[in-house]
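Colleague: Counted the way this note's numbering counts, the sequence shown spans residues 21 to 229.
Using N, Cα and C, we set each Cβ at its ideal position, and we do this for glycine too.
Source: prediction; values computed, not measured.
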Amino acid sequence: MLLTAIAFGLRQATDMLESRPVSATVAVQEPPPTSRSAVLRALDPAMTIVSRDGVALSVRPMRRSDGPALAEAVAGLSERSRYRRFMAPKPSLSRREVATLTDVDHHAREALVAVDPHTGAWVAVARYATFPDDPRTADVAVTVADAWQGRGVGSALLELIVDRAAQEGIAALRATTLAENRPAIRLLHRLGFATTGLEHDALELARAV
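Have a look at this one:
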């Protein structure tokens, strides 16, 4: 499960993890309370995405029990991909980091996993998470397995996480990624993000939902 370079991470999650991820942010309207069961009903359990070459992948919400699979996926990243994901050296995730990244409530924090239904292997992960001090804003991230790069998986899964964010009242998205991470920048531009600024080696992008 090698997750790779078309990846941008969670700025706020990175702060919590004491690393700098390539990140994306999402502006949020305060939505009415939503039960976990209602959220999971809204997310079709049979949901799929299809790669450009016609391979169907199943999509499901991340679970807290996914920690071992997530840790394995990050450990399997190439050094370059991990650097692009976290914007800092990150050989592996600590237990605390795994707990943070799997702490999803399907409202303020959501993550979707694309899975190869034939092997059960993780193909991609997309997520968003609101800022504790600004409930109208949240980060967005996506990471795609090397073998699936350039096959439309990142775009398709990111579109689904944007839809989930909209269901929870999110009104706009912002993203931050390494300025040299051209695959992530191209992906974000394809999905309607516009560049809004550059600070050191980090490029800022934004779009409305």
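I'd like the list of long-range same chain contacts for R184, defined as Cβ closer than 6 Å, with 5 residues on each side in sequence excluded.
Modeller: Position 164 of the sequence shown, counted from the first residue, corresponds to residue 184. If we look at R184 and ignore the five residues flanking it on each side, its Cβ neighbours are E130.
Colleague: The alpha helix (DSSP H) that contains S101, what's its start and end?
Modeller: As a position in the sequence shown, residue 101 is number 81, starting the count at 1. Where S101 is concerned, the enclosing alpha helix (DSSP H) stretches over E99 to F106.
Colleague: Output the distance between the C-alpha atoms of A165 and W142, rounded to the nearest integer angstrom.
Modeller: To locate residue 165, count along the sequence shown from 1; it is residue 145. To locate residue 142, count along the sequence shown from 1; it is residue 122. Approximately 8 Å, taken between the alpha carbons.
Colleague: Out of E219, E99, G172 and L225, point me to the one whose CA is closest to P111's CA.
Modeller: Walking along the sequence shown from the start, residue 111 turns up at place 91. Checked all of E219, E99, G172 and L225; the closest Cα to P111 is E99.
Colleague: Give, in chain order, every unbroken run of the beta strand (DSSP E) that is at least 3 residues long and sits entirely within the stretch 106-154.
Modeller: 129-135 and 142-151
Colleague: Buried or exposed for H126, please, with buried defined as at least 16 other CB atoms from any protein chain shown within 10 angstroms of its CB.
Modeller: Here residue 126 refers to the residue found at position 106 when the sequence shown is read from its first residue. Around the beta carbon of H126, 16 or more other beta carbons lie within 10 angstroms, which makes this residue buried.
Colleague: In this structure, does DSSP put L177 in helix, strand or coil?
Modeller: By one-based count along the sequence shown, residue 177 stands at place 157. L177 falls in the helix class under three-state DSSP.
Colleague: Pick helix, strand or coil for A228, following the three-state DSSP scheme.
Modeller: Reading the sequence shown from its first residue, position 208 is the one you call residue 228. Strand at A228.
Colleague: What whole-angstrom Cβ distance do R105 and L97 have, given they're in contact under 8 Å?
Modeller: In the sequence shown, the residue the question calls residue 105 occupies position 85. In the sequence shown, the residue the question calls residue 97 occupies position 77. Confirmed, about 7 Å.
Colleague: Does the stretch 155-164 come close enough to the stretch 180-199 to have 3 or more Cβ pairs within less than 8 Å?
Modeller: yes
Colleague: Less than 9 Å separating the beta-carbons of I69 and A176?
Modeller: Taking the first residue of the sequence shown as position 1, residue 69 is located at position 49. Taking the first residue of the sequence shown as position 1, residue 176 is located at position 156. Yes; because the gap between Cβ atoms is below 9 Å, this pair is in contact.
Colleague: Please confirm whether V229 and A195 have their CB atoms less than 9 Å apart.
Modeller: Reading the sequence shown from its first residue, position 209 is the one you call residue 229. Reading the sequence shown from its first residue, position 175 is the one you call residue 195. Against a cut-off of 9 Å, the Cβ pair of A195 and V229 comes out as no contact.
Colleague: Residue range of the alpha helix (DSSP H) that R210 falls in?
Modeller: Sequence index remark: in the sequence shown, residue 210 carries index 190 (1-based). Residues R202 to R210.
Colleague: For V145, which option in R80, E117 and L225 has the closest C-alpha, if you only look at C-alpha atoms?
Modeller: Walking along the sequence shown from the start, residue 145 turns up at place 125. Cα-wise, what sits closest to V145 is R80.
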